[in-house]
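Chemist: Residue numbers (our numbering): 12 to 320.
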């Protein structure tokens, strides 16, 4: 899959396009992508997802505190696994938001993407002030010779409901529901940085994950069973998200992973963490000994849960 801000090389056969943020690329989105990819093969067109970054709400409503399920890199990984040919990430700026519907269709869809077919929701709106709708798009299609295929209200509702439920589930600690709607384990991606070394003192050394994107939704504080691919191997472990209340009263939120039977130096590495199972809430313990005893229990529980997956 090629990721770009435009399609840099001309397409011999043109493209079939869908448009949207596709945050989470969950099971509802995956149905739309499958339709896009399958129709592309049938019509000999390359499949293209046109998305925007930053999220339009971040630009139009600068005080928006929207939290997203994917970073761009995570989204790319999932879309590639779903067979997409091109992910086109168009920078969303105030200037771009002022394009008229005609300018958007002519300059982006037709001239840049060579669109021959577009799959779009019945309620899709576009152009300056979101003034144009799917009927306008069909009119443009007659002018510029592209077909418009409408995604049903039922499918659009499924997508919207899924996104809302995933966010609420992660924020409330219901990882099982979130992963079921996603169709894959929720991901956290970041760089391993040095911590305070408390884990090593407790015989549970941890990799401290620093996530660069402030908009990334972090699941509810607690302890989770996780997996990561490190140097080509699947490594399992347990992760704590929280403020370490046993030793820090006013700590910032930290993400710390203890990998089982693993002792490589991974400082500075970029890791993708697949969040598999939620084990328990974060708790404050009376002593470090009590905390260590609980970590032993957590490790045993995590290994049992991972075996059952």
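Even for Gly, the Cβ is constructed at its ideal location relative to N, Cα and C.
#1: Can you name the start and end residues of the beta strand (DSSP E) that residue 240 belongs to?
#2: For residue 32 and residue 209, I'd like the C-alpha separation in whole angstroms.
#3: Report the rounded CA-to-CA distance for residue 113 versus residue 151, giving the unit in angstroms.
#4: Taking the alpha-carbon of residue 168 as reference, which of 312, 30, 39 has the nearest alpha-carbon?
#5: Tell me whether the beta-carbon of residue 273 lies closer than 9 Å to the beta-carbon of residue 246.
#6: Residue 120 by DSSP, collapsed to three states: which one?
#7: Once the 5 residues before and after residue 85 are set aside, which same chain residues still bring their CB inside 7 Å of it?
#8: Bridge partners for residue 26 per DSSP, in chain order?
#9: What residue range does the alpha helix (DSSP H) around residue 68 cover?
#10: Indicate whether residue 232 and residue 292 have their beta-carbon atoms separated by less than 9 Å.
#11: Going by DSSP, what residues sit across from residue 159 in a beta bridge?
#12: Should residue 267 be labelled buried (16 or more other beta-carbon atoms within 10 Å of its own) or exposed?
#13: Quick check on residue 235: buried or exposed, where buried means 16 or more other Cβ atoms within 10 Å of its Cβ?
#14: How do the segment 126 to 136 and the segment 49 to 56 stand: do at least 3 beta-carbon pairs fall below 8 Å, yes or no?
#15: Alpha carbon to alpha carbon, what distance is there between residue 14 and residue 117?
#16: Spatial neighbours of residue 202 within its chain, please: CB distance less than 8 Å, with the 5 preceding and 5 following residues excluded, ordered by chain position.
#17: Note down, one range per segment and in chain order, each beta strand (DSSP E) of at least 3 residues found wholly within the segment 253 to 281.
#18: One question on the structure: do residue 108 and residue 139 come within less than 9 Å of each other, judged by their Cβ atoms?
#19: Between which two residues does the beta strand (DSSP E) harbouring residue 220 extend?
#20: So does the segment 57 to 66 actually touch the segment 88 to 96, counting three or more Cβ pairs closer than 8 Å?
#21: Opposite residue 145 in the DSSP bridges: which residues?
#22: Please tell me whether residue 321 and residue 310 are closer than 9 Å, where the distance is taken between their beta carbons.
#23: Going along the chain, which unbroken runs of the beta strand (DSSP E) with 3 or more residues stay wholly within the segment 158 to 192?
#24: Look up residue 201 in the DSSP assignment and give the residues it is bridged to.
#25: Taking DSSP's pairing of strands, which residues face residue 246 in a bridge?
#26: Assign residue 140 to one of three DSSP states: helix, strand, or coil.
Modeler: A quick look at the data gives this:
#1: Looking at the DSSP string, the run of the beta strand (DSSP E) that includes residue 240 is 233 to 241.
#2: Going by the C-alpha atoms only, they are around 40 Å apart.
#3: Going by the C-alpha atoms only, they are around 8 Å apart.
#4: Ranking the options by Cα distance to residue 168, first place goes to 39.
#5: Inclusion of residue 273 and residue 246 in the CB contact set at 9 Å is warranted, their separation being smaller than that value.
#6: Three-state result, residue 120: helix.
#7: Only 198, 200 meet the Cβ criterion.
#8: In DSSP, residue 26 forms a bridge with 57, 126.
#9: If you look at residue 68, you'll find it in the alpha helix (DSSP H) that goes 67 to 71.
#10: With a cutoff of 9 Å on beta-carbon distance, residue 232 and residue 292 are scored as near each other.
#11: Looking at the DSSP output, residue 159 shares a beta bridge with 129.
#12: Buried, because 16 or more other Cβ atoms sit within 10 Å of the Cβ of residue 267.
#13: Buried: at least 16 other Cβ atoms inside 10 Å.
#14: Between the segment 126 to 136 and the segment 49 to 56, the count of Cβ pairs shorter than 8 Å is three or higher; the stretches touch.
#15: Each residue's Cα considered, the two are about 22 Å apart.
#16: Contacts found: 220, 221, 223, 279, 280, 281, 282.
#17: Along the length of the segment 253 to 281, whole beta strand (DSSP E) runs at least 3 residues long occupy 265 to 270, reported in chain order.
#18: The Cβ-Cβ distance between residue 108 and residue 139 falls below 9 Å.
#19: Note, residue 220: beta strand (DSSP E), 218 to 221.
#20: Put simply, the segment 57 to 66 touches the segment 88 to 96. At least three CB pairs are less than 8 Å apart.
#21: Partner(s): none; residue 145 has no beta bridge.
#22: Nothing can be reported for residue 321, as the shown portion of the chain is limited to 12 through 320.
#23: The qualifying runs are 158 to 162.
#24: Per DSSP, the beta bridge partners of residue 201 are 282.
#25: Paired residues: 239.
#26: Helix at residue 140.
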